[in-house]
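Structure first, then comments.
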Amino acid sequence: MWLAVGLVALVLVVLLIKNVFGSGGPSPFDHDAREPLKPMVHDPKEKNKVLKQGFLASRVPQNLDAIVVGSGVGGLGVAVMMAKVGKKVLVLEQHDRAGGCCHTFIEKGFEFDVGIHYIGDLLENGPLRCISDQLTNGQLQWDPLDNPFDQVVLGPPENRRIYPIYSGKHRFAQELKKCFPGEEKAIDEYMRLAKKCNFGVWMMGVLKFLPTPIAKLMVYTGIVNLLSYFFRYGTRSLTEVVNGLTENKDLRAVLCYIFGTYGNIPKDASFSMHSLLVCHYLPGAWYPKGGASEIAYHMIPIIEKAGGAVLVRAPVNRILLNDAKEAIGVSVMKGHEEVHIHAPMVISDAGIYNTYQKLLPKEVQATSAIQKQLNMLKHGEGGLSIFLGLDGTKEELGLEAKNYWIFTENNLDELMEGYTKKDREQGMKNIPLVFIASPSAKDSTWEERMPGKSTLTMVSFAPYSWFEEWKDDKVTNRSADYKELKESLIQSILEVVYQLYPKTKDKIEYMDAGTPLTNQHYIAAPKGEIYGVDHGTARFSSEYCISMRPQTPVKNLYLTGQDLFSCGYAGALAGAMICGSTILNRNLYLDVMKLCRKRKYAKKKPQ
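Position 569 of the sequence shown, counting from 1, maps to 568 under numbering that gives the first Met the number 0, and the rest follow consecutively.
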């Protein structure tokens, strides 16, 4: 028996070395691609020449190597990786500008981001920074947020408690202990578990990169759980773990507060997923210098240099298949006509629901392999956003380069469940969670670009069903009832804003709100979900992980982006890395780690 176990283990080790540590094709990370910094472009018209290149059949490159559907970070990221090894890639975006959740828009002279509020883990020679630098040739720069970078606010105005959240390997826990004397043991254990789960996430990438039979063998023999805390705690809820550590309700809320960055309330959230976010911000928090649109702006020229293109106003209405049901290209709607574009592979950053349910023919959707995947999924929570344009500088208005997470009380599960069960009008007047941030205060170029102005952005959640009755209305002319509901939402949130930033009162020059319908229209988010498919405990089981891979049941059709790994900038890039590794037949994570070491060595080497 033990001989058989030993032989199985030996075979697994050999296969792991071959598939994980072996290298196949060329790598986009084989050398440091950073170039000397070029002057930043602040003129929106100049930037739009890159970000808003409209679709025309005449602009489609010939002899494509791949077509990418969607220009979010996951789509642009894998397109750049392919471009860097000489592949000609066409990226198609349905919106009027590239970037997905990283795009910005300007109204009444104010620029707003729609999805990038802050990003962690961007230390100079860390993996995420190295990947970001490679994909932008070192042109994307970052501004650090204040420290504390987050403030957790609990309770009503008359009994408000504010807990600062600091970055720093040790400072995060040290500052929490100052706020919660007597809870040192609970905080230490929380951090120990979070760090172990975060460290174990490497296994998630390995399982998605390994051949399916090997991945399944590792899962069903229990090796995955043995090697990785991430999967050991993946199906345990955040509430279960945290409540087992402390009875202090405020501390429980503070340890759970950042669930708003992925959308599942603590009792439905995976402790492992939550751990990724906690550890993500331990090194610090950053914001893109020049705004979120800088991300796409610096990626697109690399795709173009290799002969590819990024075209907007290019709604893909279906993926083209041959008689063998293999992907051979896409169809783009141009007016009332279809334009067919062919390529040997199609990569979708449109999200798994859109890819399977909108872009594939009914008979392919109905196949058991695709239905099995769809049955494992749930829609994520719908997002709400409010945008305020203010007259005054950050100094005049008292705005800060930090975020506020405001909860009406400390019982987070009950708060959020009660909110979504309310009727629509009552819910809009009593929102239990609001995220408030000032993009203008975070961006060191803002005053030069838009002097004398400032912005605030607020984010929360709401069920898609509250707005579904207006889904077929014209987006720019929805009914009076819809507009009244939006106004009710704005007024409810403004009361919270004025409590935090009293100097902003009477300084508002522009305000508007986005609902799940807004997300559905502008970023093609099914059910208005801002974080893709649901990030609950089921998603972080090892069985789920090996089912959702870059390869789809349709040959030559691949998935990338946040639905493949997890949400956010880092999660979408991780999805792109896994997809790129599969397509290029190379473990790109190992290449990145080698590049990080080269950069560190080069910095230490005497000049």
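For glycine and all other residues, C-beta sits at the position ideal for the given N, C-alpha and C.
**Request:** Measure the alpha-carbon distance for tyrosine 418 versus glycine 567 and round it to whole angstroms.
**Result:** 25 angstroms
**Asked** If you drop the 5 nearest sequence neighbours on each side, which residues of the same chain put their C-beta closer than 8 angstroms to that of tyrosine 600?
**Response** none
**Message:** Which residues does DSSP list as the beta-bridge partners of serine 236?
**Reply:** Ser269
**Prompt:** Any idea what DSSP makes of phenylalanine 111, helix, strand or coil?
**Reply:** strand
**Request:** Take alanine 400 and list the residues in its own chain whose beta-carbon comes closer than 6 angstroms to its own, dropping the five residues that flank it on each side.
**Result:** Leu144, Asp145, Ala440, Lys441
**Item:** Closest residue to glutamate 380 among Ser166, Ala512, Lys526, Tyr286 (Cα-Cα distance)
**Value:** Lys526
**Asked** If you run the structure through DSSP and keep just helix, strand and coil, what is glutamate 608?
**Response** With the chain represented from 0 up to 606, any question about residue 608 goes unanswered, as that position is not in the structure.
**Request:** Count the other CB atoms, across all protein chains shown, that sit within 10 Å of the CB of glutamate 483; report buried if there are 16 or more and exposed otherwise.
**Result:** exposed
**Request:** Express the C-alpha separation of leucine 499 and arginine 423 in angstroms, rounding to a whole number.
**Result:** 26 angstroms
**Prompt:** Thinking just about the alpha-carbon of each residue, which of Val345, Gly137, Gly24 is nearest to the one in leucine 325?
**Reply:** Strictly speaking, residue 325 in this sequence is glutamate, with leucine absent from that position. Considering only alpha carbons, the answer is Val345.
**Item:** Candidates Leu411, Phe258, Arg33, Asp267, of which the one nearest leucine 276 by Cα
**Value:** Phe258
**Prompt:** For the putative contact between leucine 383 and threonine 260, defined by C-beta atoms under 8 angstroms, what is the C-beta separation to the nearest angstrom?
**Reply:** Actually they do not touch by this definition, with Cβ atoms about 15 angstroms apart.
**Request:** Taking 8 angstroms as the threshold, find out whether the region 303-310 comes into contact with the region 153-168 through three or more Cβ pairs.
**Result:** no
**Request:** Could you name the residues of the same chain whose beta carbon sits closer than 8 angstroms to that of serine 26, not counting the 5 residues immediately before and after it, in chain order?
**Result:** Val84, Leu583, Arg585, Leu587, Asp590
**Prompt:** By how many angstroms is the C-alpha of phenylalanine 230 removed from the C-alpha of valine 7?
**Reply:** Confidence in valine 7 is poor, its pLDDT being 43 and thus under 50, which makes the residue's placement unreliable; the coordinate value appears in the next sentence. Rounded to whole angstroms, valine 7 to phenylalanine 230 spans 22 angstroms at the Cα level.
**Request:** For threonine 220, name the three-state secondary structure that DSSP assigns.
**Result:** coil
**Message:** Let me confirm a value: isoleucine 16 is counted as buried when at least 16 other C-beta atoms fall within 10 Å, else exposed. Which label applies?
**Reply:** Because the pLDDT at isoleucine 16 is just 49, under 50, the model does not fix this residue reliably, and the point stays unresolved.
**Asked** To which residues does DSSP link tyrosine 286 through a beta bridge?
**Response** Asp142
**Other residues of its chain near alanine 569: CB distance less than 8 angstroms, five sequence neighbours each side excluded** = Ile118, Gly119, Asp120, Leu127, His279
**Prompt:** Which residues share a DSSP beta bridge with threonine 456?
**Reply:** Phe386, Ala436
**Message:** If you measure between the beta carbons of lysine 470 and glutamine 519, is that distance less than 9 angstroms?
**Reply:** yes
**Request:** Measure the C-alpha to C-alpha separation of lysine 86 and phenylalanine 54 and round it to an integer number of angstroms.
**Result:** 20 angstroms
**Asked** Would you report the Cα separation of glutamate 447 and glycine 289, rounded to the nearest angstrom?
**Response** 10 angstroms
**Message:** By the DSSP assignment, the alpha helix (DSSP H) with alanine 368 in it spans what residues?
**Reply:** 367-374
**Prompt:** What residue does the alpha helix (DSSP H) around proline 163 start on, and which one ends it?
**Reply:** Proline 163 -> not in any alpha helix (DSSP H); beta strand (DSSP E) instead, spanning 160-164.
**Request:** Sort out for me which residues DSSP pairs lysine 333 with in a bridge.
**Result:** Glu336
**Request:** Using three-state DSSP, classify glycine 535 as helix, strand or coil.
**Result:** strand
**Message:** Is it buried or exposed, lysine 602, if we count other Cβ atoms within 10 angstroms and call 16 or more buried?
**Reply:** exposed
**Item:** Exposure of alanine 3, with buried meaning 16 or more beta-carbon neighbours within 10 Å
**Value:** Any reading at alanine 3 must be qualified, since the residue scores a pLDDT of 40, below 50, and its modelled position is unreliable; no value is offered.
**Item:** leucine 276 - partner residues in DSSP beta bridges
**Value:** DSSP, once it has assigned bridges, lists no residue as partnering leucine 276.
**Message:** leucine 75 and glycine 137 - do their beta-carbons sit closer together than 9 angstroms?
**Reply:** no
**Message:** If distances are taken between C-alpha atoms only, which option among Pro462, Glu508, Val553 comes closest to glycine 328?
**Reply:** Val553
**Request:** Report the partner residues of glutamate 106 according to the DSSP bridge assignment.
**Result:** Phe109
**Message:** Please tell me whether phenylalanine 148 and serine 131 are closer than 9 angstroms, where the distance is taken between their beta carbons.
**Reply:** no
**Request:** Following the continuous alpha helix (DSSP H) through phenylalanine 230, name the residue where it begins and the one where it ends.
**Result:** 228-231
**Item:** Enclosing alpha helix (DSSP H) for alanine 461 [first to last residue]
**Value:** Premise fails: alanine 461 is in no alpha helix (DSSP H) and is neither H nor E.
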